[in-house]
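Counting along the sequence shown from 1, when you hit position 8 you're at 63 in my numbering, and nothing is skipped either side. Heads up, the beta-carbon is just placed ideally off N, CA and C, and yes, glycines get one too.
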Amino acid sequence: MHSRSHKTTRIIDSNGHQRKVNVPIKAAEMMIEEPGHIICPVDELLRTHRVSPIKADDGLQAGKVYILFPVVRVNGKVKEEEIATIMNKVACGDQNKKKRSLLRKRRKSTSGGAKVLPAVNEEVKDEVDGQFTASGETDTGFPGHRYGNPRQWSPILEAISEVY
């Protein structure tokens, strides 16, 4: 019997909202839903600290976590603060998965006694409208996010001579 996590993948948008998507699905389908954004695997982002998009024809892999970035951030560096925020989002999703798993196991148990849920760290666990908050403040994603600091592209132009 397969668990749900093997049939879905998690997507974190640029506002920090998480959602599950059923696989198989192509990256192009997600990019159509979110115009102007690319999809980057979180594990690659944490390894390189750069926004490395996957190809539009590539399929999203079950159980992996992906993040949407604006197109202007392609190949740009990711700040340490953003990395910390992303890791926090991934950890929150993993903890919610563990909590749901514990709840399922407890529901299946036949003990008639009282059920006690594990205590959860208050800093990270308040969930309001799909957004995770810390100490009551709304977390909107990446603090100070200005679509990165991409290098300005300047083409090398050559004169075109026309002969009549």
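Backbone secondary structure at residue i - three-state DSSP
| i | result |
| --- | --- |
| A75 | According to the sequence as given, residue 75 is Lys; it is not Ala. K75: strand per DSSP, three-state reduction. |
| Q207 | coil |
| I80 | coil |
| K134 | coil |
| I109 | coil |
| I141 | helix |
| I94 | strand |
Residue i, enclosing alpha helix (DSSP H) - first and last residue
| i | result |
| --- | --- |
| L101 | 97-103 |
Selection from the options that minimises the alpha carbon distance to residue i
| i | options | result |
| --- | --- | --- |
| R74 | Y121, S209, L101, W208 | Y121 |
| Q17 | A82, E137, L100, A146 | In the structure displayed, the chain extends from 56 to 219; residue 17 sits before or after that span and is not available. |
| T103 | I138, G71, H72 | I138 |
| G72 | L212, V218, I141, Y219 | Here residue 72 turns out to be His, not Gly, going by the sequence shown. It is I141 whose Cα lies nearest to the Cα of H72. |
| I67 | I211, A146, E135, Q207 | A146 |
| K119 | V76, E135, S209 | V76 |
| R65 | A214, K144, E135 | K144 |
The beta strand (DSSP E) enclosing residue i, as first and last residue numbers
| i | result |
| --- | --- |
| V120 | 120-125 |
| R65 | 63-67 |
Own chain partners of residue i with C-beta closer than 7 angstroms, once the 5 adjacent residues on each side are dropped
| i | result |
| --- | --- |
| P125 | S69, G91, H92, Y202 |
| V133 | L100, H104, R105, V106 |
| E213 | none |
Chain-order list of residues whose beta-carbon lies under 8 angstroms from that of residue i (same chain, five-residue window excluded)
| i | result |
| --- | --- |
| T165 | In this prediction, T165 scores a pLDDT of 49, lower than 50, which makes its location untrustworthy; the coordinate-derived value is nonetheless stated afterwards. Contacts found: none. |
| A111 | K81, A82, A83, M86 |
| G261 | The structure shown does not extend to residue 261, since the chain is modelled only from 56 through 219, so no value can be given for it. |
| K62 | N77, V78, A117 |
Cβ neighbours of residue i in the same chain (closer than 6 angstroms, five flanking residues each side left out)
| i | result |
| --- | --- |
| E89 | L123 |
Proximity test, residue i beta-carbon vs the ligand FAD heavy atom, cut-off 6 angstroms
| i | result |
| --- | --- |
| I94 | The model depicted lacks the ligand FAD and carries no ligand whatsoever. |
May I ask you to verify whether the stretch 123-133 touches the stretch 93-112, counting CB pairs closer than 8 angstroms and requiring at least 3?
yes
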